[in-house]
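**Q**
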Amino acid sequence: MSRVVRNNYVLIGFMGSGKTTIGRELSRTCAMPRFDLDELIEEKAGKSIPEIFAESGNEGFRAIETQVLRSLVRSGAEGYVYSTGGGCVTMPENLPLLKQLGLVVYLRIQPETVLKRIGKDTSRPLLQTPDKETRVREMMAEREPLYQAAADIVIEADHGRMDVIVDEIVEKGRQFHG
Ligand code: S3P
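With the working numbering as the guide, the letters of the sequence shown map in order to residues 71 to 248.
1. Taking only runs that begin and end inside the segment 158–209, name each unbroken alpha helix (DSSP H) of 4 or more residues, in chain order.
2. If the criterion is Cβ atoms closer than 8 Å, does the pair L96 and Y79 meet it?
3. What would DSSP say about S118, mapped onto helix, strand or coil?
4. Please tell me whether R213 and F123 are closer than 8 Å, where the distance is taken between their beta carbons.
5. Beta carbon of A227, beta carbon of R178: below 8 Å?
6. Out of I92, C100, G86, which has the shortest C-alpha to C-alpha gap to N77?
7. Which of the three DSSP states, helix, strand or coil, is assigned to N128?
8. So which of P181, M232, D237, T192 has the shortest CA-CA distance to M210?
9. Which residues bound the alpha helix (DSSP H) around F105?
10. In chain order, what residues of the same chain lie with their CB nearer than 6 Å to the CB of V236, ignoring the 5 residues before and after it?
11. May I ask you to report which of helix, strand or coil DSSP gives V234?
12. At which residues does the alpha helix (DSSP H) containing S97 begin and terminate?
13. From the DSSP output, which residues share a beta bridge with Y152?
14. Closest to K89 by CA distance: which of Q218, I225, Q245, L139 is it?
15. Hey, quick one: how far does the beta strand (DSSP E) through D74 stretch, first residue to last?
16. Using the DSSP secondary-structure output, state which residues sit across from E224 in a beta bridge.
17. Quick one: what does DSSP say A133 is sitting in, helix, strand or coil?
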């Protein structure tokens, strides 16, 4: 069944896949303003992401994430690039919301790329564990089918070349819209 796709790009993918940096570049290239869902969540909560996780856990964080997604969908706004948080596909109710928001672009990377890019990062509560590699591999294996289910287009993003990735998003987006 075909759906009417709103004129927005919705970037999804694992932590470190480049949703923020590629989102910025895509926003510049297409002259479409960008919103970062993690930032909107922090604004709404009046707290940082690590604080939300520490005080309300994963469940509390996901509840705010879904509220933010829902309000964006309800706004009906078009002409935006949205960078999401890596776990937004883990809540089943978010999948239709992502689809309603716009063209869902999955930035796909391998576990090795995640570890290389954010292995030393301390700002992601879910990766604060001694054995990061096992955690990353497990989480990615769990999430891969969810990203695939949500995605309208899939972009291999390990190579990290912004210009190539942005061109590919625009081109595949065009093809998708027909
Ligand atoms: C999360 C990813 C983070 C942030 C939160 C949870 C996840 O966003 O939403 O720490 O569950 O993968 P980034 O993907 O932008 O790091």
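Quick reminder that beta carbons are idealized off the backbone N, C-alpha and C, glycines included.
Just so it is clear, the structure is predicted and the values come from calculations on it, not from any experiment.
**A** Taking the geometry as given:
1. 164–171, 181–188
2. yes
3. S118 sits in coil when the DSSP states are folded into three classes, being neither helix nor strand.
4. no
5. yes
6. C100
7. helix
8. P181
9. No alpha helix (DSSP H) contains F105, which is instead part of the beta strand (DSSP E) from 104–106.
10. Closer than 6 Å at Cβ, skipping near neighbours: E95, L96, T99.
11. helix
12. 89–100
13. As DSSP reads the structure, Y152 sits in a beta bridge with V80, F105.
14. I225
15. This sequence places Val at residue 74; Asp is not what is there. The continuous stretches of beta strand (DSSP E) do not include V74, and DSSP gives it neither H nor E.
16. In the sequence on display, residue 224 carries Val and not Glu. Bridge partners of V224: Y176.
17. helix
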